[in-house]
Amino acid sequence: MDGQIKELAEGWGAVIGAVLLGIVGVFYKHVRRWANKWLGANDVAPFTQGTLRANSQVDFAIRESLIRLQERTKADRAYVVALHNGGYDASGFKFTKMSCRYEVVKLGASREMQNSIDMSLSEYPEIAEKLTGSDDVTTVCVASLSKGAVLKQFLMTQGVTCILGHRIFLRAKGMDVLYGFIGISFCDKQCDGEGTCAVDEHLAQIQEATELITIQLKKRK
Ligand SMILES: [Zn+2]
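What follows is the structure, encoded as C-alpha cells:
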C-alpha cells in the first residue's frame, strides 16, 4: 500500500512539476516581450509567408523603378543605400553605417554597390554633409573631391566620375526620418567639378524614381 501511494505521489509530482515549468516558461516569454517593449528594444518582425510575400512584392517594384531609372538615364549603376545603426563604440557612442539595399547595372557593368554594406558613415563625411544639407538632390563629382577623401578612392575603384543622388525620407514614429538615398553613377561623364555637372539633366527622372520607391518602402511589413 505504501509503495502504491509513493508511486502515485511521484507520478503526480512529475505532472505538477511539468505544468509549473510550462507556466514559468510561458510567463518568462511574456515578461521578456513586455520588458522589450518598455525598454524600446527593436521589435523583430515575425518571419511568416505573409510578410515575406508582401515584402518581395515591394522588392520587385523597387527593382522595376531602378531598372527604369537606369534605362532612361543610361547610368552605369542605379541603387538604394540605407542608413542604419552601426552599433556602439566602447564609450557608448552610437555610430551610423550605410548599406546598399538594391542595385541594378547597365549591361556589361559590374555590380559594385552590392558589396557596399556596413560602411561607416564617419569614413565618408562628404556624404554626411550632403545628406544633412538643405537640398534633397545632389551631385558628387570625383574631380571636385579632395585628394585624401575616402569617397574619391572608393568611386575611382568603381570607375565612377559623377553621381546624382536623391535623399529618401520615411515617416517613422511620428516624424520624418532620413532613410538613405538613391544614387545613379556614371563612368563616362567628363566633369571638371566646377560649375554644374552634366548629370543634372536627369533631375526629373531621379525625383520620379524617389517618389515611387518611397511609396514602396512605406508598404513594407
Ligand atoms: Zn560631375
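Just so it is clear: in the sequence shown, position 128 is 128 by this note's numbering, and no numbers are missing. Even glycine gets a Cβ: it sits at the ideal position worked out from N, Cα and C. Computed from a prediction, not measured in an experiment: that's the story for all the values here.
Give me the Cα-Cα distance between residue i and residue j, rounded to the nearest whole angstrom.
| i | j | result |
| --- | --- | --- |
| Ala9 | Gly17 | 12 Å |
| Ile127 | Tyr28 | 44 Å |
| Phe169 | Gly22 | 45 Å |
| Leu66 | Thr196 | 24 Å |
| Tyr102 | Gln207 | 17 Å |
| Val150 | Glu112 | 16 Å |
| Gln205 | Ile182 | 11 Å |
| Thr48 | Arg220 | 13 Å |
| Asp135 | Leu107 | 31 Å |
| Thr210 | Arg72 | 14 Å |
| Gln4 | Leu20 | 24 Å |
| Ile34 | Gly92 | Residue identity differs from the one stated: residue 34 is Trp in this sequence, not Ile. So the alpha carbons of these two residues sit roughly 25 Å apart. |
| Val24 | Glu7 | 26 Å |
| Gly148 | Phe154 | 11 Å |
| Gly133 | Tyr79 | 21 Å |
How close, in whole Å, do the beta carbons of residue i and residue j come, if the pair is a contact with beta carbons under 8 Å?
| i | j | result |
| --- | --- | --- |
| Lys152 | Met119 | Their Cβ separation, rounded to whole angstroms, is 15 Å, which puts Lys152 and Met119 out of contact at 8 Å. |
| Leu164 | Thr139 | 6 Å |
| Arg171 | Leu131 | So it is not a contact: roughly 17 Å between Cβ atoms. |
| Val137 | Leu212 | Wrong, their Cβ atoms sit about 15 Å apart, outside the cutoff. |
| Ile184 | Arg68 | Not quite, the Cβ-Cβ distance comes to about 12 Å (not below 8 Å), so this is no contact. |
| Val104 | Gln70 | 5 Å |
To which residues does DSSP link residue i through a beta bridge?
| i | result |
| --- | --- |
| Asp135 | According to DSSP, Asp135 bridges with nothing at all. |
| Val177 | Leu170 |
| Phe186 | Cys162 |
| Tyr102 | Val80 |
| Val140 | Ile163 |
| Thr96 | Asn85 |
| Met119 | Met98 |
Can you list, in chain order, the residues of its chain whose CB lies under 8 Å from that of residue i, leaving out five sequence neighbours each side?
| i | result |
| --- | --- |
| Ser99 | Val81, Ala82, His84, Ser116, Ile117, Asp118, Met119 |
| Asp200 | Thr139, Leu164 |
Is there at least one Cβ from chain C nearer than 8 Å to residue i's Cβ?
| i | result |
| --- | --- |
| Gln216 | No chain C is part of this structure, which consists of one protein chain only. |
Skipping 5 residues on each side, what residues in its chain have a beta carbon closer than 6 Å to that of residue i?
| i | result |
| --- | --- |
| Lys94 | Tyr88 |
| Val31 | none |
Just to confirm my understanding: we take residue i, look at its own chain, exclude 5 residues before and 5 after, and list those with CB closer than 7 Å. What are they?
| i | result |
| --- | --- |
| Cys187 | Asp76, Gly159, Val160, Thr161 |
| Met156 | Val142 |
| Gln114 | Cys100, Glu103 |
| Tyr124 | Val150, Leu151 |
Can you find at least 3 beta carbon pairs, one from the segment 176-183 and one from the segment 81-93, that sit closer than 8 Å?
yes
Should the segment 47-56 be called in touch with the segment 159-170, which here means at least 3 C-beta pairs below 8 Å?
no
With a cut-off of 8 Å, do at least 3 Cβ pairs link the segment 132-147 to the segment 180-194?
yes
Is the number of C-beta pairs between the segment 209-218 and the segment 57-65 that are closer than 8 Å three or more?
yes
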